[in-house]
Amino acid sequence: MIYWNTPRFIIKWFSHLEWHYSRKEKTIYLTFDDGPTPGITQQVLDLLDKYNAKATFFCLGRNVDRHRDIFHEIIARGHSTGNHTYSHLKGWKSSVKAYAHDVNLASKYIPSKLFRPPYGRIRHVQTRYLSKEFRIIMWDVLSHDYNRKISQKICLKSVLKSTKNGSVVVFHDSEKASKNMLFVLPRLLEHFSKKGFTFSRIE
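Numbered per our numbering, the sequence shown spans residues 25 to 227.
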């Protein structure tokens with residue numbers, strides 16, 4: 025089963041994490057995971073500029089190490105960045121020590137107090153440890169842009185239907201997700217801009 029909106033029981037179980045923001049404000053928080061990726065992240069930045077939109081990029085330390093120029097461009101264009109581990113570890117399969125080491129390694133390249141666990145998979149004991157240093161940012165809308173079994177049109181329709189005031193929407197500026205992401209993103213920006221929404225970064 026595909027969940028476009030995060031199930032309520034998960035939000036309740038991890039209620040100490042950040043899933044969405046004020047439902048009273050016409051603001052959407054776009055986020056991009058797994059970059060930076062040459063040729064893709066720059067397209068995202070150009071689309072965001074076109075709509076005067078700001079976003080938050082949860083970067084992998086290994087990718088920042090390889091593409092520091094793109095990482096600096098993200099910041100120069102006024103967006104926020106966050107730590108997404110160094111090597112995309114799965115929290116469910118990692119010890120607290122190994123997970124913390126990978127996050128700390130990424131911190132050498134990503135000077136941010138925002139963190140998002142890869143796959144959204146993290147254990148309570150890991151959140152308790154990381155919460156001492158980071159705000160852990162989750163989401164209430166997952167685009168599934170990386171799922172090549174989902175067509176561009178279905179992806180777009182589902183994301184538009186699921187997004188509302190205060191939503192934190194997950195995209196991926198990666199090779200795997202680029203086909204769906206680059207189809208959905210400009211149409212989402214156009215759709216919600218016409219409705220008077222703004223797009224803000226997570227501070």
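C-beta: ideal position from N, C-alpha, C; glycine also.
Legend entry - Coarse secondary structure for Glu5, derived from DSSP in three states: Any answer about residue 5 is impossible in this case: the structure gives the chain only from 25 up to 227.
Inset, instruction - Take every Cβ of the stretch 92–110, pair it with every Cβ of the stretch 40–51, and state whether three or more of those distances are shorter than 8 Å. - result: no
Legend entry - Neighbour-count burial assignment, Asp164, 16 or more Cβ in a 10 Å radius: buried
Inset, instruction - Measuring alpha carbon to alpha carbon, tell me which of Tyr123, Phe221, Arg147 ends up nearest Gly190. - result: Phe221
Legend entry - Spatial neighbours of Leu184 in its chain, beta-carbon cut-off 7 Å, leaving aside the 5 residues before and after: Leu212, His215
Legend entry - Gly106 in three-state terms, based on DSSP: strand
Inset, instruction - Give the secondary structure of Asn29 by DSSP, where H, G and I count as helix, E and B as strand, and everything else as coil. - result: strand
Inset, instruction - Compute the beta-carbon to beta-carbon distance between Tyr170 and His148, rounded to the nearest angstrom, for a pair I have assumed lies under 8 Å. - result: Between His148 and Tyr170 the Cβ distance is about 26 Å, and since that is not below 8 Å, they are no contact.
Inset, instruction - Would you mind giving the Cβ-Cβ distance between Ser167 and Val127, rounded to the nearest angstrom? I have them listed as a contact below 8 Å. - result: Their Cβ separation, rounded to whole angstroms, is 24 Å, which puts Ser167 and Val127 out of contact at 8 Å.
Legend entry - From Pro141, Thr61, Ile99, residue whose alpha carbon lies closest to that of Lys117: Pro141
Inset, instruction - Take Asn29 and list the residues in its own chain whose beta-carbon comes closer than 7 Å to its own, dropping the five residues that flank it on each side. - result: Asp164, Val165, Ser186
Legend entry - Run of the alpha helix (DSSP H) containing Ala100, from where it starts to where it stops: 92–100
Legend entry - Rounded straight-line distance, which links the Cα of Tyr45 to that of Lys177: 27 Å
Inset, instruction - Rounded to whole angstroms, what's the CA-CA distance from Asn76 to Asp70? Just pull it up for me. - result: 10 Å
Legend entry - Inter-residue CB distance, Ala130 and Thr109 (contact presumed, cutoff 8 Å): 6 Å
Inset, instruction - Could you give the DSSP three-state label for His40: helix, strand or coil? - result: coil
Legend entry - the stretch 199–209 contacting the stretch 82–99, beta-carbon criterion three pairs below 8 Å: no
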